Structure formats: C-alpha cells, structure tokens
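Using the numbering used here, read the sequence shown as starting at 31 and increasing by one per residue. Below: one structure, written as structure tokens.
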Amino acid sequence: NIINERQKNIVQYENIYAHHHFTQSNYRKDLEYFNLKSTKDGKIMWRNRLKSFVYLCCNKEPKEPSEPQTRINGCLCFGGEKVDAMPYYLGEIKRLNNHADKEFQSIVAKKTSCEHKSSVKNDDKIRWDQVYTHFLPEEFNAALGYLETDGMSENGFVEFKTRAAKQSALNCNLTGKANWVTTKAAPDPRDLIWDNILIPEPSTRRRKTIVQLLLLIVMCFWSVLTSILSGETISTQKYLPALLITIIIAVLPFLFQFLGVMVIRFKSMSEVDKFVFTWCSAFRILNLMIILLTG
Numbered sequence: 031n032i033i034n035e036r037q038k039n040i041v042q043y044e045n046i047y048a049h050h051h052f053t054q055s056n057y058r059k060d061l062e063y064f065n066l067k068s069t070k071d072g073k074i075m076w077r078n079r080l081k082s083f084v085y086l087c088c089n090k091e092p093k094e095p096s097e098p099q100t101r102i103n104g105c106l107c108f109g110g111e112k113v114d115a116m117p118y119y120l121g122e123i124k125r126l127n128n129h130a131d132k133e134f135q136s137i138v139a140k141k142t143s144c145e146h147k148s149s150v151k152n153d154d155k156i157r158w159d160q161v162y163t164h165f166l167p168e169e170f171n172a173a174l175g176y177l178e179t180d181g182m183s184e185n186g187f188v189e190f191k192t193r194a195a196k197q198s199a200l201n202c203n204l205t206g207k208a209n210w211v212t213t214k215a216a217p218d219p220r221d222l223i224w225d226n227i228l229i230p231e232p233s234t235r236r237r238k239t240i241v242q243l244l245l246l247i248v249m250c251f252w253s254v255l256t257s258i259l260s261g262e263t264i265s266t267q268k269y270l271p272a273l274l275i276t277i278i279i280a281v282l283p284f285l286f287q288f289l290g291v292m293v294i295r296f297k298s299m300s301e302v303d304k305f306v307f308t309w310c311s312a313f314r315i316l317n318l319m320i321i322l323l324t325g
C-alpha cells in the first residue's frame, strides 16, 4: 500500500529529524559553554558555571554530532549499506508521492472513461436501425458487438440503519455529476423480479418506449378490429361479437403482464401492475368510446 508505506517513511523522517535537531541544539549550547570566558562584567554566569568548568578543566571541545545513518537492503543489523537517513527518507517520500500522484491520475482517467461510457450507455436515444437489439438477451448483444460488457451489474442495494441516512442518500448528489448515480427507494424484496435485476435501466426505458409506441399503433387500429368482429358474417349471431370483444379484453391483462415481465423487463411487480392497469384502462375506455360512437 503506497499510502501506508509513505506514512511509515514520514514518521521515520520526522523522528530522525527531531532527534538530529535536538542533538545539534545541544551541541551549539555546549560549544557556547566551552568558548564562554566571562560576561560583560567579567564574571561567569552562574547557570553556565558547571558546564563551563567541565569543558575548561578537561580542555575537551564538544564533539559535533554526525549525520544520522540508516541501513538499507540488510537483515537486522547485518549486511546492506549505510546511508544518510534524512536524505534517504526524504527521497523515499518524494518517490512515493510521485507514485501516488500517478496512481491518482490513472484512477481519474479510468473514472472519466467510465463516465463517458456510462453517459453513452445511459442515453435513452433509440437507434431505429437496431431496434431488435433491445429485445435480445444481453449475451446475444455482446456476441453481436452491440453491447460492451464488463461483468458488473449497474444495480445495487444499500441498507441504512436510520431513516435520516436513507433520506440523505435519496436527496443528495453522491458523485458530483448529474445522473451518474441515481438513487431511489428500493421495493420490498418480495416485490422484486430477481430475474430482471441485472437488466440495465436505460435498456428497460428504451424497451418500454418501443412497446408503448406499438401499443399506441394497436389502439389506432382497434376500431378496425371491432368493425371486423361486428361484420355481417358474425353479426348474425347477436351475442358473438360482444363475446369475442369481451374475451379479447379479458386476455389483455395477461398479455400486458407478459410484456412487462418478459419484454420490457421491469424490476418489480409494482411497476408491472402499474403498466397493466394503465393500458387495460386505456383499451377499455377506447372500446367504450367506439361503442358509444358506433351505436
């Protein structure tokens, strides 16, 4: 770990520097005592008398402390090479700082590249010449070259201990970039469709858009279907047209549920139920309007 190694070198450098500064300060004081003869009034100061007496009697000048040494590439106290400790640790700190800067730049570059890929991937724009690819399994799209897979899921669940923490996560921009990480309250685990969890959200939105466009086209031709069912060949049986339309209306919820789960690939049954309710209501209202207008 670069950070831990750098921190160890910083601690070693600070300890050696502090000890060396302390010994140098003591040396300067001792040298001052050794060279001290008298004060301005010709008398030795009382607080310096003892050290001055020792140095003068022994006639021994204080020894200047040597530069602190450290052993590198050795085992315990054997082998290796002795070098000046402070320049060595300072050089190691600078080297590790450069290494950490390079690692940071590589992380930023990867994050920028990932954000670019994600922004392209999260684009809801539909390429109509490749509409069929939105309904193929992810493995087929990857094999055809329409999908770049990295083996990671775009969805995740986080459990909070307090409601305040949950609300903060829901309302805060977690990354500093809009739509880079979107958060919303997770549904009940029993409501989840686990087979659809790994489907990317942009893919679900594009599929939903395409399916809804197709359903709108079907609604435009609904009157044609009802007119066919009310034709002369079938209208001889008075109950048959109404029975056929009733059967079709009764089958629609199952069809819409199939579209929501297997085609659009919603991630929760609540979303599927909302989709089924919306379109069943739309078709029933349309059928009622056609009945009222055609008599």
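Don't be surprised by glycine CBs; every beta carbon is placed ideally from N, CA and C. These figures come from a predicted structure and were not determined experimentally.
request  = Please report how far the alpha carbon of F286 lies from the alpha carbon of N201, in whole angstroms.
outcome  = 33 Å
ask   = In three-state terms, what does DSSP make of T212?
value = coil
query = For I294 versus V241, is the C-beta spacing smaller than 8 Å?
reply = yes
task = Have a look at I40 and P230 and give me their C-alpha separation to the nearest angstrom.
result = 46 Å
key: Distance between W309 and L322 (C-alpha atoms, nearest Å)   = 20 Å
message = Let me check understanding here. Comparing Cα to Cα, which of R101, A215, V211, S233 lies closest to A194?
response = A215
query = Cβ of D303 within 7 Å of any heavy atom in the ligand SAM?
reply = Questions concerning the ligand SAM fall outside what the structure shown contains, since it holds no ligand whatsoever.
query = Out of E97, F296, S136, which has the shortest C-alpha to C-alpha gap to R236?
reply = F296
Neighbour-count burial assignment, E44, 16 or more Cβ in a 10 Å radius = exposed
request  = Would you mind stating whether I223 and M299 have Cβ atoms separated by less than 8 Å?
outcome  = yes
query = Which class does T100 belong to by DSSP, given the choice of helix, strand or coil?
reply = strand
ask   = In chain order, what residues of the same chain lie with their CB nearer than 6 Å to the CB of Y119, ignoring the 5 residues before and after it?
value = N39, Q42, Y43
task = Can you say whether K124 is buried or exposed, counting buried as having 16 or more other CB atoms within 10 angstroms of its CB?
result = exposed
query = Around the Cβ of G290, are there at least 16 other Cβ atoms within 10 angstroms (buried) or fewer (exposed)?
reply = buried
key: C-alpha distance - F305 paired with T213, whole-angstrom precision   = 22 Å
task = Quick one: using the 10 Å Cβ neighbour count with 16 as the cut-off for buried, is V254 buried or exposed?
result = exposed
query = Based on the DSSP output, what are the partners of D114 in its beta bridges?
reply = Q99
query = Name the DSSP beta bridge partners of L222, please?
reply = S298
inquiry  = Output needed for Q54: all residues of its chain with C-beta closer than 7 Å, excluding positions within five of it in sequence on either side, in chain order.
reply    = P95
request  = Under 8 Å by Cβ, that's how I've got I32 and E133 pegged, so tell me the actual separation to the nearest angstrom.
outcome  = 7 Å
task = Assuming I275 and T256 form a contact by the criterion Cβ under 8 Å, report the distance between their Cβ atoms to the nearest whole angstrom.
result = 6 Å
inquiry  = For I46 and E189, what's the separation of their Cα atoms in angstroms?
reply    = 47 Å
request  = Give a yes or no on whether the C-beta atoms belonging to R36 and A115 are separated by under 8 Å.
outcome  = no
task = Can you say whether E301 is buried or exposed, counting buried as having 16 or more other CB atoms within 10 angstroms of its CB?
result = buried
request  = Look up V188 in the DSSP assignment and say whether it is helix, strand or coil.
outcome  = coil
key: Beta-carbon gap between F313 and I279 smaller than 8 Å   = yes
ask   = What residue range is occupied by the uninterrupted alpha helix (DSSP H) comprising E94?
value = Where E94 is concerned, there is no enclosing alpha helix (DSSP H), given that its DSSP letter is neither H nor E.
task = Report yes if the CB atom of L318 is closer than 8 Å to the CB atom of W252, and no otherwise.
result = no
inquiry  = So for E178, helix, strand or coil by DSSP?
reply    = Because the pLDDT at E178 is just 47, under 50, the model does not fix this residue reliably, and the value given afterwards should be weighed accordingly. If DSSP states are grouped into helix, strand and coil, E178 belongs with coil.
inquiry  = DSSP three-state label for N201, please.
reply    = helix
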